[in-house]
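Enquirer:
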Amino acid sequence: MTKQATTYRKNFSLIIIFLILISITFIIALIVSYYLNAKYVENEFASKKIDVQEQTVKPYGNFFNNTIPQITSYQGFMDSTAAARYTDSVFRNYDFVKRIVFYDVQIGNQKNGVIIKNNLGISINAMYQYWQKNGRAQGIRIWNTTSEPDFELMATKLGNYIAQTDTLRGSTADEIFRTFYDIKHDKISYSNILRREDVKIIRELQRHPNSTSYSKQNMMTFFLDPYLLKIKNTHKELYQEVTLQPVVYDPPDNPSGTMVTEVTLPGAFSDYKLYFRSAPNYLNAEINRRFMPIGALVLLIYCFLVLIGWLIYRNLSVNVKLFKLQYDFINNFTHEFKTPVSVIKIAGSNLSGDSELTERQRKQYGRILNEEADKLNELMNKLLSFTQLENKSIDIKREQIDVEHFVKSYIETFRIKYPDFKISFAFGKVDTFYTDPVLLGSVFQNLIENAYKYSHPHKKELAIHVGSNKRNIVFSFRDRGIGIQKDELTNVFKKFYRIENQYNQNGSVGLGLAFCKELVNFMDGEIIVNSKVKEGSEFIVTLPYEN
Numbered sequence: 001m002t003k004q005a006t007t008y009r010k011n012f013s014l015i016i017i018f019l020i021l022i023s024i025t026f027i028i029a030l031i032v033s034y035y036l037n038a039k040y041v042e043n044e045f046a047s048k049k050i051d052v053q054e055q056t057v058k059p060y061g062n063f064f065n066n067t068i069p070q071i072t073s074y075q076g077f078m079d080s081t082a083a084a085r086y087t088d089s090v091f092r093n094y095d096f097v098k099r100i101v102f103y104d105v106q107i108g109n110q111k112n113g114v115i116i117k118n119n120l121g122i123s124i125n126a127m128y129q130y131w132q133k134n135g136r137a138q139g140i141r142i143w144n145t146t147s148e149p150d151f152e153l154m155a156t157k158l159g160n161y162i163a164q165t166d167t168l169r170g171s172t173a174d175e176i177f178r179t180f181y182d183i184k185h186d187k188i189s190y191s192n193i194l195r196r197e198d199v200k201i202i203r204e205l206q207r208h209p210n211s212t213s214y215s216k217q218n219m220m221t222f223f224l225d226p227y228l229l230k231i232k233n234t235h236k237e238l239y240q241e242v243t244l245q246p247v248v249y250d251p252p253d254n255p256s257g258t259m260v261t262e263v264t265l266p267g268a269f270s271d272y273k274l275y276f277r278s279a280p281n282y283l284n285a286e287i288n289r290r291f292m293p294i295g296a297l298v299l300l301i302y303c304f305l306v307l308i309g310w311l312i313y314r315n316l317s318v319n320v321k322l323f324k325l326q327y328d329f330i331n332n333f334t335h336e337f338k339t340p341v342s343v344i345k346i347a348g349s350n351l352s353g354d355s356e357l358t359e360r361q362r363k364q365y366g367r368i369l370n371e372e373a374d375k376l377n378e379l380m381n382k383l384l385s386f387t388q389l390e391n392k393s394i395d396i397k398r399e400q401i402d403v404e405h406f407v408k409s410y411i412e413t414f415r416i417k418y419p420d421f422k423i424s425f426a427f428g429k430v431d432t433f434y435t436d437p438v439l440l441g442s443v444f445q446n447l448i449e450n451a452y453k454y455s456h457p458h459k460k461e462l463a464i465h466v467g468s469n470k471r472n473i474v475f476s477f478r479d480r481g482i483g484i485q486k487d488e489l490t491n492v493f494k495k496f497y498r499i500e501n502q503y504n505q506n507g508s509v510g511l512g513l514a515f516c517k518e519l520v521n522f523m524d525g526e527i528i529v530n531s532k533v534k535e536g537s538e539f540i541v542t543l544p545y546e547n
């Protein structure tokens, strides 16, 4: 029957599948996020033009909604001086206003005016034209007022309003806009808004056709140049070029992939539009810029998942190694127990047998029982001591030690135990120091035992040197054994670890060097190893002086 190998179950293929899956997900996430980001930029290209339009025509909106209605505040009594001041402020604040015509209007029973109804006439009392020169308003009076289509149109609207408006209620916004505003291509005409009382006064004049009284009214016509508008490209990341073009502008053929869009301007500029254009590489640069933080975030998530996979893999590897160490420890420990137990059982069987034993045989079996019992006891004590060291359940009992006498006693013991073991020693300027002799003795015993065990049969040599280094005492154990491979040096002090070679069959359970390291650490010291394969190893133990 084939013996089934005992192994720790692991499935690294799941980790590989996991890494492949998250890698594919990462690539798909990058592609999808880039595609969505590109679509988002394209949508913004089509929609953000409104922002550019609003910022570009904002001065025009302020001019139309706030500056022009200021004429009404004069209630028809604006003269040429006031008109000059007003136009000067307009020219300074609004570059797109090219020229202004001011009409000082009279409404009354005049035969030379524009007759509306019931002999009520609207005529030009004075007419002035203003323009900008060297940053200041320049003006001139126009004497020939016979043909003024802008005035005639506004006068007609005004006359209809006077004749038809209901003075018992206020005028609606639509009525005011239709009567007192006239917006045409690059031109706005405006008349100050009449109050109900003003309309009543003018109607009273109609009932007295022979009266020479009249009512004053102000009108202005603003001539605008749309090309003087300052285009404010508030989204330079989207629009490479923004130009002002007529609505009928037919652009030339654009290169393949070039994005274009347009938006019409409002009011007096309605015959013009803002034309937006961006080359493919210009938009691609913006897409890539916006994609970078998204890609970085996706990459961060990917790295986090890879880290999780690596931690799982490392955990599996640690569990495999731990299982192997524990499994080897159980096998080795069982083997170590099995040998003395078997010897004890054989010796006990012989002692309890029916055959008569000589005195010599009886003593021999007794000695065997004692030796094997000592081996078992030593093994159990080592494991127990190791556990106590790990749990910090023992105390250091410091005593003054004569270093030379202490070392020589252990050397003599091992020379008697192993006659073929050549041990030499040398001392520096060290006489005595304070430490626990039992713990230090365990270190000596394990290191000397290891030096003998892992040496060639005909080259069992050990050199012990004791010296000092600043406030520390240094013990060096140099053998000429088999040596330790470089990749094994970090593992020799691990619990239950055994080097895989023919020498690990010499009764080792992987506790000797781990026990030494725990002892040295417990005594606030340090142990290191230097080794070369087939040349030997050197273990250096450094302990502090205790005064």
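Residue numbers (our numbering): 1 to 547. Every residue, glycine too, gets a C-beta built ideally from N, C-alpha and C. Note that this is a predicted model, so its numbers are computed, not measured.
Between the C-alpha atoms of Tyr227 and Phe96, what's the straight-line distance to the nearest angstrom?
Expert: Roughly 7 Å between the two C-alpha positions.
Enquirer: With a CB to CB cut of under 6 Å and the five nearest residues on each side skipped, what residues in its chain are close to Thr7?
Expert: Legend: pLDDT at Thr7 = 48, less than 50; position of this residue unreliable, value from coordinates given subsequently. If we look at Thr7 and ignore the five residues flanking it on each side, it has no Cβ neighbours.
Enquirer: For Tyr365 and Asn350, which I take to be in contact (beta-carbon distance under 8 Å), what is that distance rounded to the nearest angstrom?
Expert: With 8 Å as the limit, Tyr365 and Asn350 qualify as a contact, their Cβ atoms being about 6 Å apart.
Enquirer: Assuming Phe102 and Met292 are in contact, meaning their beta carbons sit under 8 Å apart, how far apart are those beta carbons, in whole angstroms?
Expert: Not confirmed; about 58 Å, so no contact.
Enquirer: Count the other CB atoms within 10 Å of the CB of Thr435; is the residue buried (16 or more) or exposed (fewer)?
Expert: Buried, by the Cβ-count rule.
Enquirer: Of the choices Gln240, Ser424, Lys345, whose alpha-carbon is the least far from that of Lys460?
Expert: For the residues Gln240, Ser424, Lys345, the minimum Cα distance to Lys460 belongs to Ser424.
Enquirer: With Glu286 and Glu241 assumed to form a contact (beta carbons below 8 Å), what rounded beta-carbon distance in angstroms separates them?
Expert: That belief does not hold up - the Cβ atoms of Glu286 and Glu241 are roughly 14 Å apart, past 8 Å.
Enquirer: Looking at the structure shown, is Thr7 part of a helix, part of a strand, or coil, going by DSSP?
Expert: Summary for Thr7: the model assigns pLDDT 48, below 50, so the residue's position carries little reliability; its value from the coordinates is reported in the next sentence. Coil.
Enquirer: Cutting at 8 Å between CB atoms, please list the residues of its own chain near Gly170, excluding the five before and the five after it.
Expert: Cβ within range, chain order: Arg196.
Enquirer: So who's on the other strand from Phe45, going by DSSP bridges?
Expert: None; Phe45 has no bridge partner.
Enquirer: Using the Cα positions of Thr56 and Leu229, report the straight-line distance between them to the nearest angstrom.
Expert: Near 7 Å, if we compare the C-alpha coordinates of Leu229 and Thr56.
Enquirer: Using DSSP bridges, identify the partner residues of Gln245.
Expert: Per DSSP, Lys273.
Enquirer: Give the straight-line distance between the Cα atoms of Lys39 and Ser317, rounded to the nearest whole angstrom.
Expert: Answer to the nearest angstrom: the Cα atoms are 46 Å apart.
Enquirer: DSSP on Ser189, reduced to helix/strand/coil?
Expert: Strand.
Enquirer: When DSSP labels each residue in this structure, what does Gln129 get in the three-state scheme?
Expert: DSSP places Gln129 in strand when its eight states are reduced to three.
Enquirer: Taking just the CA atoms, how far does Val306 sit from Lys273?
Expert: Cα to Cα, the separation comes out at about 53 Å.
Enquirer: Quick check on Phe550: does DSSP put it in helix, strand or coil?
Expert: The chain is shown from 1 up to 547; residue 550 falls before or after that span and cannot be answered.
Enquirer: Do the CB positions of Val263 and Lys48 come within less than 7 Å of each other?
Expert: Contact: no.
Enquirer: Of the residues Ile142, Leu194, Thr156, Tyr181, which one's Cα is nearest the Cα of Asp166?
Expert: Nearest of Ile142, Leu194, Thr156, Tyr181 to Asp166, Cα basis: Leu194.
Enquirer: Relative to the alpha-carbon of Val520, which residue among Thr432, Ile473, Gly481 has its alpha-carbon at the smallest distance?
Expert: Nearest of Thr432, Ile473, Gly481 to Val520, Cα basis: Ile473.
Enquirer: In chain order, what residues of the same chain lie with their CB nearer than 6 Å to the CB of Asp104, ignoring the 5 residues before and after it?
Expert: Asn125, Ala126.
Enquirer: For Ala29, name the three-state secondary structure that DSSP assigns.
Expert: Helix.
Enquirer: In the DSSP assignment, the alpha helix (DSSP H) including Ser80 goes from what residue to what residue?
Expert: It spans 80-93 - the alpha helix (DSSP H) in which Ser80 sits, taken as one unbroken run.
Enquirer: Measure the C-alpha to C-alpha separation of Ile528 and Val320 and round it to an integer number of angstroms.
Expert: Cα-Cα distance, rounded: 26 Å.
Enquirer: Alpha carbon to alpha carbon, how far is Phe77 from Ser215?
Expert: Spanning the two alpha carbons is a distance of roughly 10 Å.
Enquirer: Is Phe223 helix, strand or coil by DSSP?
Expert: Residue state, collapsed to three classes: strand.
Enquirer: Tell me whether Leu168 sits in a helix, a strand or coil according to DSSP, three-state version.
Expert: Looking at Leu168 - three-state DSSP - the assignment turns out to be coil, as it is neither helix nor strand.
Enquirer: When the Cα atoms are used, what is the spatial distance from Gln361 to Ile368?
Expert: About 10 Å.
Enquirer: Compare the Cα-Cα distances from Gly428 to each of Pro69, His465, Ile416 and report the closest residue.
Expert: Residue His465 is the option with its Cα nearest to Gly428.
Enquirer: Is the number of C-beta pairs between the stretch 471-486 and the stretch 446-460 that are closer than 8 Å three or more?
Expert: Touching, per the Cβ criterion.
Enquirer: If you compare alpha carbons, which of Asp253, Gly257, Ala268, Asn43 is closest to Leu559?
Expert: No answer is possible for residue 559: it lies beyond the span of the chain, which begins at 1 and ends at 547.
Enquirer: Between the Cα of Leu168 and the Cα atoms of Val199, Arg277, Ile176, Thr72, which residue gives the shortest distance?
Expert: Comparing Cα-Cα distances from Leu168 to each of Val199, Arg277, Ile176, Thr72, the minimum goes to Val199.
Enquirer: Report yes if the C-beta distance between Ile411 and Tyr454 is below 7 Å; otherwise report no.
Expert: In this structure, Tyr454 does not lie closer than 7 Å to Ile411 by Cβ.
Enquirer: Could you tell me the alpha carbon to alpha carbon distance between Gln164 and His235, rounded to whole angstroms?
Expert: Each residue's alpha carbon lies about 49 Å from the other.
Enquirer: Would you kindly work out how many angstroms separate the C-alpha atoms of Arg99 and Asp51, rounded to a whole number?
Expert: Their backbone Cα atoms lie some 29 Å apart in a straight line.
Enquirer: In the DSSP output, what is Thr432 paired with across the bridge?
Expert: Paired residues: Asp402.
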